[in-house]
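Inspection log for the structure reproduced underneath, given as structure tokens.
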Amino acid sequence: MKTLFLYQRICKKGGRYMPKGDSTMKKLLHIIATPRGEESRTLKVSSAFIEAVRWNNGHWAFDELNLFTEKLPELGINHLNGKYTLMSGKNITPELQPYWDQVTCHIDRFLSANAYLISTPMWNFGIPYKLKQYIDIIVQPRYLFQYTSSGVEGLAKDRRMVVISSRGGDYSGEPMKSMDTIEPYLKTVFGFVGIRDISFVNVQPMDAMGPDIRNQRIHDAQEQARALAAHF
Numbered sequence: 001m002k003t004l005f006l007y008q009r010i011c012k013k014g015g016r017y018m019p020k021g022d023s024t025m026k027k028l029l030h031i032i033a034t035p036r037g038e039e040s041r042t043l044k045v046s047s048a049f050i051e052a053v054r055w056n057n058g059h060w061a062f063d064e065l066n067l068f069t070e071k072l073p074e075l076g077i078n079h080l081n082g083k084y085t086l087m088s089g090k091n092i093t094p095e096l097q098p099y100w101d102q103v104t105c106h107i108d109r110f111l112s113a114n115a116y117l118i119s120t121p122m123w124n125f126g127i128p129y130k131l132k133q134y135i136d137i138i139v140q141p142r143y144l145f146q147y148t149s150s151g152v153e154g155l156a157k158d159r160r161m162v163v164i165s166s167r168g169g170d171y172s173g174e175p176m177k178s179m180d181t182i183e184p185y186l187k188t189v190f191g192f193v194g195i196r197d198i199s200f201v202n203v204q205p206m207d208a209m210g211p212d213i214r215n216q217r218i219h220d221a222q223e224q225a226r227a228l229a230a231h232f
């Protein structure tokens, strides 16, 4: 079965994103927002999803973006001046271009994908800071959204997203459910840019009820992820 793994590092140098691989294949961008590597409970479920996508459909290429090893730009005054230049209807100036290239490289990589898998644990009721940083980098006017006479229009339409999220406790019911900011935030921000087809696999509880329950819930989440992959 034909599967491509794409690893792009040119963004670290502030250059343009140059996609590699078979352009006829659909591409899934796997955004990893955990630093735990093989110890990650989240990635145990994500791996099951990816393997099932491979098994069910050989026409996907995979691009892995680890937010904890990728050198993401720290948005400063020059990056923000570039953003507000665009929002005012002007073009980026030559002085701001090198800083803005650091942003657009990640935007180009994001938009080159047909679908997304986000692997994220819950940290303090929300997403890890690296995922928030990445979202702040890519969600930019003229690229992921634009203002029109009828309101805001998302520019990342006709794409799918799966979010696999592990949590220490069980947030499936109240009163804990209202403390979960991951699902409403990701639905809001990616819905804003046009991605409406978003599925969540929540792996919980990972810490609150002991290892037997944890292992069973990981298994259950893997089965849920495989079922999603069957229709991907």
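At position 20 of the sequence shown (counting the first as 1) the number is 20 in the UniProt record's numbering, and the numbers step up by one without a gap.
Using N, Cα and C, we set each Cβ at its ideal position, and we do this for glycine too.
Open item on the list: Using only the alpha-carbon positions, how far apart do residue 45 and residue 199 sit?
Closed with: 14 Å
Task: Exposure of residue 147, with buried meaning 16 or more beta-carbon neighbours within 10 Å - done: exposed
- [ ] Could you check the C-alpha separation between residue 39 and residue 218 for me, to the nearest Å?
- [x] 13 Å
Task: Run of the alpha helix (DSSP H) containing residue 94, from where it starts to where it stops - done: Element bounds for residue 94: n/a, residue is neither H nor E.
- [ ] Kindly indicate the opening and closing residues of the beta strand (DSSP E) around residue 29.
- [x] 26–32
Task: Exposure of residue 30, with buried meaning 16 or more beta-carbon neighbours within 10 Å - done: buried
Task: Straight-line Cα distance separating residue 174 from residue 111 - done: 36 Å
Task: Simplified DSSP assignment, three categories, for residue 139 - done: coil
Open item on the list: Suppose you measure from the CA of residue 211 to the CA of residue 166; what does that come to, to the nearest Å?
Closed with: 14 Å
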